[in-house]
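Residue numbers (full-length UniProt numbering), protein chains in the order written: chain S, 1 to 259; chain P, 1 to 259. Beta carbons are placed, not taken as given, at the ideal position from N, Cα and C, and that holds for glycine.
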DNA sequence: TAGTTGAACTCCTCTAGACGACTAGCTACC
DNA sequence: GGTAGCTAGTCGTCTAGAGGAGTTCAACTA
């Protein structure tokens with residue numbers, strides 16, 4: 001049986017924080033294992049002799065920290081840490097494309113996960129000012145917009161939107177839902193644009209409500225955002241991609257020369 | 001005067017979320033500017049005709065999202081976005097060290113901020129199993145541990161801890177609080193270890209209470225974590241550095257060859 | 001003038017209770 | 001045998017109130 005301890009009314013730390021502290025320790029020390037259910041609100045109300053809202057405040061704190069998830073009608077459970085996927089900086093290596101694997105597929109399989117993609121939407125739009133600038137296009141030039149959601153072992157882990165100039169995508173399956181083996185980078189190279197390098201801008205923030213929904217995460221889970229630009233050997237930007245990843249599921253690895 | 005709108009009791013979105021939505025929109029559309037004060041709880045209770053806790057729930061949601069910060073006794077304010085600092089992947093370029101600038105100093109100045117460092121602590125410890133493994137040392141070999149906090153324009157933006165093998169640091173100012181011009185990387189190179197490359201592992205998570213305190217951020221602000229290893233030209237790991245950055249203050253730029 | 005007090009305002013924490021909605025398991029009926 | 005409905009247990013949301021504590025500023029006092 002879990003030792004819930006007691007709260008101390010004389011100390012200046014408020015009861016709801018003390019309760020959160022006790023539960024947090026149990027989780028961090030493994031006495032409450034991932035997936036395990038926390039004591040119900042009723043039990044804790046009884047045990048600590050506090051009001052319902054006080055217990056809920058404590059649980060709210062843990063939810064904000066991403067330590068637990070509540071399930072309406074069932075209980076509150078310790079978050080089972082999703083598998084962490086390491087993304088090495090060679091994930092865009094040509095050999096993967098030559099093997100018919102897209103970057104995501106190659107990485108997920110290497111990490112032993114079952115990859116999946118859904119919610120694919122492909123449209124042809126006029127480039128926004130920002131996208132045009134990043135791609136070095138004139139404003140309002142047309143681009144293929146590809147958005148999709150990636151899954152690992154059936155769980156959503158990332159949503160991404162790519163923008164490719166129509167002039168490059170024309171006559172290729174890039175504008176189709178199914179781009180064929182190797183993904184869009186393989187198609188871009190076949191179209192005569194040999195890829196030379198990528199730049200990635202990494203940052204992190206809290207998710208918007210839409211992103212929370214698409215990634216099936218709570219409001220306490222941060223996201224990693226990647227803004228990637230692909231350049232061909234002539235230095236032309238041939239694709240930009242905005243990616244939002246579930247932060248807890250990823251570690252990004254980069255190799256930086258000292259120069 | 002700010003248009004607070006009204007809530008719709010017939011729709012299935014709960015009132016506290018509707019209130020949060022209204023406020024969020026005002027913030028996102030700039031009608032509530034950074035630093036500006038939100039209507040007080042009392043005003044909103046009156047305006048929407050709801051109970052205290054309902055308004056507080058709405059505000060809590062915005063706090064969790066990192067959009068606002070509450071100040072006891074003063075009010076709730078739209079978070080003023082701290083200056084974002086872009087960290088280019090050339091931030092460890094040798095020329096910076098040759099100019100006597102550490103990586104942080106070089107970057108901060110380039111971005112037009114006043115850099116600062118405080119809370120410097122230097123100790124000599126037996127390497128933990130993890131650090132020993134990352135540095136390729138035998139367990140319990142001694143390392144110099146340097147931890148410090150970085151400030152930009154007086155605001156804390158990052159805490160970092162470096163581990164350098166004592167065998168490399170011996171006889172250099174690396175074990176001193178003041179390492180001299182160019183920082184520890186300059187000293188490592190002077191000690192005969194020419195730096196060849198770095199690897200960085202980037203991830204993001206919510207901060208621990210300690211980190212919240214050191215970085216002076218609320219519980220709704222995520223942090224970026226960097227685990228860096230520096231290698232010399234012989235392939236030996238000469239330093240590892242664990243960094244925790246305020247996520248909203250940084251964009252990390254990386255250059256990835258397509259290979 | 002300089003310092004203190006007090007009021008008014010703010011958010012923080014807690015209590016005690018209400019009803020609603022979701023889940024899961026059991027039961028009774030067809 | 002299958003299903004519809006009941007029920008206990010869970011979390012979600014809301015109400016109406018309380019005292020506490022930090023902030024500000026004006027009024028008061030020495």
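Which listed residue (S/98, S/258, S/149, S/30) has its alpha carbon closest to that of residue 196 of chain P: What you label residue 196 of chain P is simply residue 196 of the second chain in a count that begins at 1. Checked all of S/98, S/258, S/149, S/30; the closest Cα to residue 196 of chain P is S/258.
Going by CA-CA distance only, name the one from S/51, S/9, S/114 that's closest to residue 153 of chain S. Translated into positions along the first chain, residue 153 of chain S becomes position 153. If we check each option's Cα against that of residue 153 of chain S, S/114 comes out closest.
Strand pairing of residue 52 of chain S, partner residues [DSSP]: Walking along the first chain from the start, residue 52 of chain S turns up at place 52. DSSP lists no partner for residue 52 of chain S.
Assuming contact is defined by CB atoms lying nearer than 9 Å, are residue 143 of chain P and residue 129 of chain P in contact in what I supplied? Locating residue 143 of chain P in the second chain gives position 143, where the first residue counts as 1. Locating residue 129 of chain P in the second chain gives position 129, where the first residue counts as 1. In this structure, residue 129 of chain P does not lie closer than 9 Å to residue 143 of chain P by Cβ.
So, at 7 Å on beta carbons, what are the nonlocal neighbours of residue 194 of chain P in its own chain, with the 5 sequence-adjacent residues on each side left out? On the second chain, position 194 is the one that residue 194 of chain P refers to. The answer, listed in chain order, is 232, 233.
Chain-ordered residues of the stretch 181 to 207 of chain S with a beta carbon less than 7 Å from chain P: Contact residues of the stretch 181 to 207 of chain S toward chain P are 195, 196, 197, 198, 199, 200, 201, 202, 203, 204, 205, 206 (C-beta to C-beta distance below 7 Å).
Under the assumption that residue 87 of chain P contacts residue 107 of chain P (Cβ atoms under 8 Å), give the Cβ distance between them as a whole number of angstroms. Looking up residue 87 of chain P in the second chain gives position 87. Looking up residue 107 of chain P in the second chain gives position 107. About 6 Å separates the two Cβ atoms, so the contact holds.
Do residue 237 of chain P and residue 151 of chain P count as a contact pair if the criterion is CB distance below 9 Å? The residue labelled residue 151 of chain P in the question sits at position 151 within the second chain. The residue labelled residue 237 of chain P in the question sits at position 237 within the second chain. Not in contact: residue 151 of chain P and residue 237 of chain P (Cβ atoms no closer than 9 Å).
If you follow the alpha helix (DSSP H) that residue 79 of chain P is in, where does it begin and where does it stop? Within the second chain, the letter at position 79 stands for residue 79 of chain P. For residue 79 of chain P, no alpha helix (DSSP H) run applies, since DSSP gives it neither H nor E.
9 Å Cβ cut-off: residues of chain P touching residue 104 of chain S: Counted from its first residue, the first chain places residue 104 of chain S at position 104. Neighbours of residue 104 of chain S on chain P: none; closest Cβ ~15 Å, over 9 Å.
Does residue 254 of chain P get closer than 9 Å to chain S when you measure Cβ to Cβ? Here residue 254 of chain P refers to the residue found at position 254 of the second chain. Yes, because at least one Cβ of chain S sits closer than 9 Å to the Cβ of residue 254 of chain P.
For residue 251 of chain S, would you say it is in contact with chain P, using Cβ-to-Cβ distances shorter than 9 Å as the test? Locating residue 251 of chain S in the first chain gives position 251, counting from the first residue. Output row for residue 251 of chain S: interface = yes.
Of the residues P/148, P/227, P/50, P/63, which one's Cα is nearest the Cα of residue 23 of chain P? Along the second chain, read from residue 1 onward, the residue named residue 23 of chain P stands at position 23. Closest by alpha carbon: P/63.
Name the residue from P/98, P/66, P/209 whose alpha carbon lies nearest to the alpha carbon of residue 189 of chain P. For the purposes of this step, residue 189 of chain P is taken as the residue at position 189 of the second chain. With distances taken between Cα atoms, residue 189 of chain P lies closest to P/98.
With residue 306 of chain P as the anchor, note down where its alpha helix (DSSP H) starts and where it stops. Nothing about residue 306 of chain P can be reported from this structure: the residues present for chain P run from 1 to 259 only.
To the nearest angstrom, report how far apart residue 52 of chain S and residue 44 of chain S are at their CA atoms. Counted from its first residue, the first chain places residue 52 of chain S at position 52. Counted from its first residue, the first chain places residue 44 of chain S at position 44. If you take the alpha carbons of residue 52 of chain S and residue 44 of chain S, they lie about 9 Å apart.
Cβ contact (3+ pairs, closer than 8 Å) linking the stretch 53 to 61 of chain S and the stretch 10 to 24 of chain S: yes
In the DSSP output, what is residue 115 of chain P paired with across the bridge? Walking along the second chain from the start, residue 115 of chain P turns up at place 115. DSSP lists P/152 as partners of residue 115 of chain P.
Sort out for me which residues DSSP pairs residue 254 of chain S with in a bridge. Looking up residue 254 of chain S in the first chain gives position 254. BP columns for residue 254 of chain S point to P/200.
Mind checking the UniProt domain "HTH gntR-type" (13 to 81) of chain S against chain P and listing, in chain order, the residues whose C-beta falls within less than 8 Å of any C-beta there? 53, 60, 61, 64, 65, 66
Can you tell me the Cα-Cα spacing of residue 140 of chain S and residue 167 of chain S, whole angstroms? Residue numbering aside, residue 140 of chain S sits at position 140 when the first chain is read from its first letter. Residue numbering aside, residue 167 of chain S sits at position 167 when the first chain is read from its first letter. Distance between the alpha carbons of residue 140 of chain S and residue 167 of chain S is about 13 Å.
Just to confirm the assignment, what range does the alpha helix (DSSP H) spanning residue 134 of chain P have? By one-based count along the second chain, residue 134 of chain P stands at place 134. Note, residue 134 of chain P: alpha helix (DSSP H), 129 to 135.
Verify the CB distance criterion: does residue 221 of chain S have a CB-CB separation below 9 Å to chain P? Numbered from 1 along the first chain, position 221 holds the residue referred to as residue 221 of chain S. With 9 Å as the cut-off, residue 221 of chain S counts as an interface residue toward chain P.
So what's residue 161 of chain S in DSSP terms, helix, strand or just coil? Working through the first chain from its first residue, we reach residue 161 of chain S at position 161. Reduced to three states, the DSSP call for residue 161 of chain S is strand.
Between which two residues does the alpha helix (DSSP H) harbouring residue 3 of chain S extend? Translated into the one-based positions of the first chain, residue 3 of chain S becomes position 3. It is not in any alpha helix (DSSP H) - residue 3 of chain S carries neither H nor E in the DSSP assignment.
Residues of the stretch 111 to 142 of chain S with a CB closer than 8 Å to any CB of chain P: list them in chain order, please. Near chain P, meaning a CB-to-CB distance below 8 Å, no residue of the stretch 111 to 142 of chain S qualifies.
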